[in-house]
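Read the structure below first, then the notes.
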Amino acid sequence: MKSSQWLTFLFVFLTITLGCSDDDTTTVPETNENAANQQPLGSSAAELLSSEDFTSLRVEVAYPQGFRPTQQTLDLLIPFLEERLDKPDGITMVESIITTDETGPYDINEIVAIEDANRTVFNNGDELGVWLFFSDERSEGDSGNSVVLGSAYRNTSMVIYEKTFIDIANNSTTPVNRTLIETSTIRHEFGHIFGLVNVGTPDLSAHEDLGNPRHCNVEDCLMYFQTVTNSFNTSSLESIPDFDDLCIQDLQANGGL
């Protein structure tokens, strides 16, 4: 199939999944000094959102050489977090260029192994640490007409399958806005570690999509299950959905802004 035909098929018919439901990892023994950052998805939602236990946040952005997201994607990250997280001592970001010893495509256990071998930012005093990995391989969850773009898989960990974005852009006969699709995916996955929907942050208004658990049933919400799919059909960053009013109410009730 020619690349132009492939991309037309991709944008119109492809189911782009977000690997959220099946990628939770089990709790590690409390004897592990980094156990606080290796807990189930959503279990640190209140700690992320509020300033009660942690007054600052540091995000480690890790990627192998050649798989750095766009500069604009990184520039947009901190303002997005500052809008929703009560962190009076600030939110910062550190970049780490890493090497990976796993063979792709990656399953979630290989993603976890990469994190465990390379992560340097953890909870420290009143500073909470988050790991954001931009992968040099695609997801093993890709199947047929479905690809995985990202997954939040621990309480403070997520992966973005950057190789998939690069492959899409390289095979396109028309420009692909990588910043737009990277940013849509990152924001959606952060929503999951914030506990949305009903995974650590209580669902106050019964707006969880029961057909797509952990997602919002409001179609123009960032946490709608097809949000990232729909971003392929938009052209501006302003068109990326935000959290809808119901998700914002949940976040605020759990300590967020």
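Just so we're aligned, residue 395 is where the sequence shown starts under our numbering, counting upward by one.
We put the beta carbon where it would ideally sit given N, CA and C, even for glycine.
The structure displayed is predicted, hence computed values, not measured ones.
- With contacts defined by Cβ atoms closer than 9 angstroms, TYR457 and PHE527 form a contacting pair.
- Straight-line spacing of the CA atoms in SER545 and ASP639 works out to 24 angstroms.
- Counting along the chain, THR493 sits inside no alpha helix (DSSP H), nor does DSSP assign it H or E at all.
- Around the beta carbon of ASP644, a 10 Å sphere encloses 16 or more other beta carbons of the protein chains shown; the residue is thus reported as buried.
- The closest CA to that of SER529, considering only PRO596, ILE560, LEU522, is found on ILE560.
- At a Cβ-Cβ threshold of 9 angstroms, LEU543 and TYR555 count as neighbours.
- Here ALA600 carries a coil assignment [DSSP, helix/strand/coil].
- From the listed residues ASN539, ARG478, VAL593, the smallest Cα separation to GLY649 is found for ARG478.
- In the displayed model, ARG513 falls within coil according to three-state DSSP, outside both helix and strand.
- The residues ILE505, PHE527, SER529, SER545, in chain order, have a CB closer than 6 angstroms to that of VAL553 in the same chain once the five nearest residues on each side in sequence are set aside.
- Within its own chain, the residues whose Cβ lies closer than 6 angstroms to the Cβ of PRO463, once the five positions on either side in sequence are excluded, are PHE528, GLU576, listed in chain order.
- Within the segment 531-603, the complete beta strand (DSSP E) segments of 3 residues or longer fall at 540-542, 544-548, 551-554, listed in chain order.
- Between ASP603 and TYR618, the C-beta gap is smaller than 9 angstroms, which places the two residues in contact.
- Non-local beta-carbon contacts of THR467 in its own chain, meaning distances under 8 angstroms to residues more than five positions away in sequence, involve ARG572, THR573, GLU576, THR577, ILE580 in chain order.
- Closest by C-alpha distance to ASN606, out of LEU631, LEU590, SER599, is LEU590.
- Nearest in C-alpha terms to GLY519, of all of THR621, HIS609, PHE448, is PHE448.
- Closest option to ASN549, judged by alpha-carbon separation, among SER630, GLY460, SER629, PHE588: PHE588.
- The beta carbons of GLU531 and ARG452 sit no closer together than 9 angstroms.
- For VAL612, there is no enclosing beta strand (DSSP E), as DSSP marks it with neither H nor E.
- Annotation for ARG452: no alpha helix (DSSP H) segment contains it, though the beta strand (DSSP E) segment containing it runs 450-458.
- As the crow flies, the alpha-carbon of GLU583 is around 25 angstroms from that of ASP495.
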